[in-house]
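Please read the structure below before turning to the comments.
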Amino acid sequence: MTAFPPLARRLLAAAVLTGGLVGLARADLTVGQTAGITGAVAGSVKEVTQGAKIYFDMINAEGGINGQHISLVSLDDQFDPKLAAANAKKLIDQGVIALFLTRGTPHTQAIVPLLAEHKIPLVAPSTGAMALHKPVLPWLFNVRATYQREAERAIEHLSLIGISRIAIVQVNDSFGEDAVQGALAGLAKTNKQPAAHEKFDRAKPELGPVIAKVLAAQPQAVLFIGSGTAVVDGMKAVRAGGSTAQLVTLSNNAAAGFIKDLGDIGHGTIVSQVFPYERSIAKPVIKEAIETAKKAGVELTPSMVEGYVSAKVLVEGLKRAGPKPTRETLRKGLESMGRFDLGGIEVGYGPSDHSGLDYVDLAIIDQSGKFRR
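Reading the sequence shown from the start, the letters are residues -27 to -1, 1 to 346 in mature numbering (1 follows the signal peptide of the UniProt record, and there is no 0).
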């Protein structure tokens, strides 16, 4: 179903009553997002969402999509899977044309049953879970590469620079269990086993005992598979324990807020990336994003690139959905993209392929607190 002005008025009324809606503007096309606006991943969620918004603002300033403006309505799920599902249902019932930029693997998995039930697309979940790629979910369209590929790439890099004793610290949820398979595959390729492999609870991460066990194994590197503040606390505990092990984590932490939270220990930390370097003007999409961000008065970050590229994918799907897009025509529009050039990177979709990009790289935090490649 198509979102229209009465919907925007109803959502605005709900915002006044509940204080729970963020980013609502009068619009012809309304897209819904549930994510941890507060909680452990708030910093990176803010940056990803900001990247999407500056692209939507640019499109609206140019006249919108087939003359219709696009608006993003965001609900805070506090990084809680149950609340994420409840928020998604609320947005669906209020008539959004698509869900967009959900955050977290268990959170997105909690939403998946709603997609087929209500025949609504979810575009660009901010998670690289393999379960969202295979088998293909008809109403879900990934943009970023898988966590397994990221973790495998990180392990391959560590092996190439001569590091053999690699410890793994993972969150004990579906995200952690998925991503660690890539790390273990990378170790297996070089006939290695983890120097240590410890897990922590997502809801109540107690990192002290976990890190003590890891440090007892005297690792040369520690790969953290987790999100936000838990990873920051774990890395700080490694350094507080006197270890100089190489610190590594995945792209879900590729945010300026993550670097700020790390503080003095951030220098030298490796963070995998699933989008091109945010200062690589050789990529037309990055050059465009830099210019758009500058006009908006913000500095582009890796997480903002994710939001920007994801918004670009959604807008292309809406353009292909016709002058009066519906949830169904949006799905068909996305599947018609084939190999589509976003500006130096290609996203791939079809009825049997909803994987999007297959781009993975590594960055290191330099002394100035910036990502370098």
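Ideal Cβ placement from N, Cα and C applies to all residues, glycine included.
- Taking C-alpha positions only, K55 is separated from I10 by approximately 15 angstroms.
- Straight-line measurement puts the Cα of H80 at about 10 angstroms from the Cα of Q51.
- Boundaries of the alpha helix (DSSP H) around A58: 54 to 66.
- Here the C-alpha atom of K233 lies approximately 8 angstroms from the C-alpha atom of G342.
- Classified as exposed, A34 has fewer than 16 neighbouring CB atoms from the shown chains inside 10 Å of its CB.
- Check the Cα spacing between T75 and each of Q67, P98, Q82, I84: the tightest is with P98.
- The shortest C-alpha to C-alpha distance from A104 to any of S147, P94, I136, I141 is the one to S147.
- The three-state reading of DSSP puts Q193 in coil, since its state is none of H, G, I, E or B.
- Short of 7 angstroms from the beta carbon of K209, and not among the five residues preceding or following it, lie these beta carbons of its own chain, in chain order: I238.
- Remark: three or more beta-carbon pairs, one from each stretch, lie closer than 8 angstroms, so the region 219 to 232 and the region 262 to 276 are flagged as touching.
- Approximately 5 angstroms separates the beta-carbon atoms of V183 and F173; this is inside 8 angstroms, confirming the contact.
- Under DSSP, G321 shares a beta bridge with R312, G329.
- Comparing alpha-carbon positions, the option among G16, S17, K26, Q6 lying closest to K268 turns out to be K26.
- Annotation note: the region 76 to 150 contains the following uninterrupted beta strand (DSSP E) runs of length 3 or greater, listed N- to C-terminal: 139 to 144.
- Annotation: the region 149 to 192 contains the following complete segments of the alpha helix (DSSP H) (minimum length 4 residues), in chain order: 180 to 189.
- Straight through space, the alpha carbons of G280 and Q23 are spaced by roughly 7 angstroms.
- Residue pairing by DSSP places G5 opposite V46, L72 in a beta bridge.
- The alpha-carbon of K63 is positioned some 13 angstroms away from that of T3.
- The beta-bridge partner set that DSSP reports for L335 consists of S245.
- By the Cβ test, the region 298 to 311 is not in contact with the region 133 to 148, since fewer than three Cβ pairs between them sit closer than 8 angstroms.
- By the Cβ criterion, the region 327 to 341 is in contact with the region 244 to 256, since at least three pairs of Cβ atoms, one from each stretch, lie closer than 8 angstroms.
- Proximity to Y28 across G5, A118, V288 peaks at V288, based on C-alpha coordinates.
- Sorting H170, A176, G181, R126 by C-alpha distance to the C-alpha of K162 places R126 at the top.
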